[in-house]
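**Q** In the UniProt record's numbering, the protein residues as written are 1 to 380.
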Ligand code: PMP
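#1: Where the beta carbon is closer than 5 Å to any heavy atom of the ligand PMP, which residues qualify, in chain order?
#2: Which residues share a DSSP beta bridge with residue 95?
#3: According to DSSP, is residue 232 helix, strand or coil?
#4: Roughly how many angstroms separate the alpha carbons of residue 156 and residue 66, rounded to a whole number?
#5: Contact between the segment 322-337 and the segment 188-206 is defined here as three or more beta-carbon pairs at a separation below 8 Å; is this criterion met?
#6: Could you check if residue 10 is buried or exposed, using at least 16 other CB atoms within 10 Å of its CB as the buried criterion?
#7: Measure the C-alpha to C-alpha separation of residue 246 and residue 90 and round it to an integer number of angstroms.
#8: Cα-Cα, which of 300, 131 and 200 is closest to residue 364?
#9: How would you label residue 144, buried or exposed, when you count the other beta carbons within 10 angstroms and need 16 or more for buried?
#10: Residues in its own chain within less than 6 Å of residue 169 by CB, not counting five upstream and five downstream?
#11: With C-beta atoms as the reference, is residue 184 less than 8 Å away from residue 230?
#12: May I have the straight-line CA-CA distance separating residue 302 from residue 171, to the nearest angstrom?
#13: From the DSSP output, in three-state form, read off residue 381 for me.
#14: Along the beta strand (DSSP E) that carries residue 169, what are the first and last residues, could you check?
#15: Straight-line CA distance for residue 139 to residue 56?
#16: Residues in its own chain within less than 8 Å of residue 347 by CB, not counting five upstream and five downstream?
#17: Name the one or two DSSP bridge partners that residue 212 has.
#18: Which residue comes first and which comes last in the alpha helix (DSSP H) that contains residue 304?
#19: Output the residue ranges of the alpha helix (DSSP H) runs that lie fully inside the segment 122-173 and measure 4 residues or longer, sorted by chain position.
#20: Taking 8 Å as the cut-off, does the segment 233-243 touch the segment 196-210 (at least 3 CB pairs, one atom from each stretch)?
#21: Between the Cα of residue 331 and the Cα atoms of 308, 344 and 353, which residue gives the shortest distance?
#22: Have a look at residue 357 and residue 12 and give me their C-alpha separation to the nearest angstrom.
#23: Between which two residues does the beta strand (DSSP E) holding residue 334 run?
#24: Label residue 194 either buried or exposed according to how many other C-beta atoms from any shown protein chain fall within 10 Å of its C-beta, with 16 as the threshold for buried.
#25: Start and end of the beta strand (DSSP E) containing residue 328?
#26: Can you give me the start and stop residues for the beta strand (DSSP E) that residue 360 sits inside?
#27: Can you tell which of 18, 321, 371 and 373 has the C-alpha that lies nearest to the C-alpha of residue 175?
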């Protein structure tokens, strides 16, 4: 038997994946990192010690597979959501995975697929079309208004035209920072009661409405969570993450709340034991410290509001933000501004509609460094 030289074998890459590169912002060693909407505050020594002890205990049982259904974690996440939004949930209404990215993948694995379409509204989170691609689901993006809100008439018309299996709405939206008002989410839920693909009996199904609230805890007062609509709509799923407000991006723990029957469908498509025993232990320990971990949310919100005011004071256009980042512009050459900031040790994100840039809210010192660098770059 002969082994062919390396270049003699061609891999059967799935059509459509040719030439694509992996998703992700540049990970550069720069003093001020304001590019991926992380929480700038690391966990305290006390929280680190508690997480480490919980992980050590779980490590003693690593010869066994973890609990596939992670009931304790679902219970604690339900308790957290009740405390945060006032919405009482049964643990059977909660689902979790390795980041809300994986939660979203489970949703599309269960409800998308060949011949089906996911509908969203651009500009929005750039991973959404990738979830669609990876689950062989069609992707249609409608438009947002000048202020990045949704025109309900446009949304209804597209729902009627596309008959999507899933409608994916980020609120607060990334990269714009703008949240949807509850009336808009309600209108989408009403418009999707029978707009999905035909079921096995030929009767219409609903479209699953996913409201991605990855940045939900940063919303301004008066912007209610879509969780408050769950009791009325069994085709609604609201996803959250521990990556942002909890400051636990490295943990990889995202979750959602929905009707129990929707969650049951997600259990069918997940890989067995997808949440490791270490992840479950660390997440439970982090949740025990949620008040301390989330202690910075109020100051990050205040810092964000001050940054919006400051940027507007510089004569820039700034999208209203309910998140821990701000979209600002517009620049004839945004790449030059991004590069100028990088040369001054500040990494932000070149993302979103042409001419705009996105900056995450950091510590007061980091935000000050960003402001000083921007003043220099803009020559003001
Ligand atoms: N949704 C939105 C809108 C996001 O911006 C992000 C992270 N950038 C995610 C979901 C995924 O977050 P994670 O997988 O860390 O939970």
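Glycine is no exception: its CB is placed at the ideal position from the N, C-alpha and C atoms. Remember, predicted model here, so these are calculated numbers, not experimental data.
**A** With the given structure in hand:
#1: This selection yields 99, 100, 101, 125, 170, 174, 212, 214, 241, 243 and 254.
#2: 256, per the DSSP bridge assignment.
#3: In this structure, residue 232 counts as coil in the three-state DSSP scheme.
#4: Distance between the alpha carbons of residue 156 and residue 66: 43 Å.
#5: Below 8 Å, too few C-beta pairs join the segment 322-337 and the segment 188-206 to call them touching: fewer than three.
#6: Residue 10 is exposed by the Cβ-count criterion.
#7: Residue 246 and residue 90 have their C-alpha atoms spaced approximately 22 Å apart.
#8: Answer by Cα proximity: 300.
#9: With 16 or more Cβ atoms within 10 Å of its Cβ, residue 144 is classed as buried.
#10: Excluding sequence neighbours, residue 169 sits near 211.
#11: It is not a contact, given that the beta carbons lie outside the stated cut-off.
#12: Roughly 19 Å between the two C-alpha positions.
#13: With the chain covering only 1 through 380, there is no way to say anything about residue 381.
#14: In the DSSP annotation of this structure, the continuous segment of the beta strand (DSSP E) that includes residue 169 starts and ends at 166-170.
#15: Within the model, the alpha-carbon separation for residue 139 versus residue 56 is close to 43 Å.
#16: These residues qualify, in order along the chain: 26, 28, 30, 32, 33, 34, 35 and 341.
#17: According to DSSP, which records beta bridges pairwise, residue 212 is partnered with 170 and 239.
#18: Taken as a continuous stretch (DSSP letters only), the alpha helix (DSSP H) holding residue 304 covers 297-313.
#19: With a minimum length of 4 residues, the continuous alpha helix (DSSP H) runs that stay inside the segment 122-173 are 128-134 and 152-162.
#20: Counting C-beta pairs closer than 8 Å gives three or more between the segment 196-210 and the segment 233-243, which meets the contact rule.
#21: Residue 331 has its Cα closest to that of 353, out of 308, 344 and 353.
#22: Straight across, the Cα-Cα distance linking residue 357 with residue 12 is about 38 Å.
#23: Here residue 334 belongs to no beta strand (DSSP E); instead the alpha helix (DSSP H) covers 334-343.
#24: Around the C-beta of residue 194, fewer than 16 other C-beta atoms lie within 10 Å, and the residue is accordingly described as exposed.
#25: It spans 325-329 - the beta strand (DSSP E) in which residue 328 sits, taken as one unbroken run.
#26: Per DSSP, residue 360 is one residue of the beta strand (DSSP E) stretching across 357-360.
#27: Residue 321 holds the alpha-carbon nearest to the alpha-carbon of residue 175 among 18, 321, 371 and 373.
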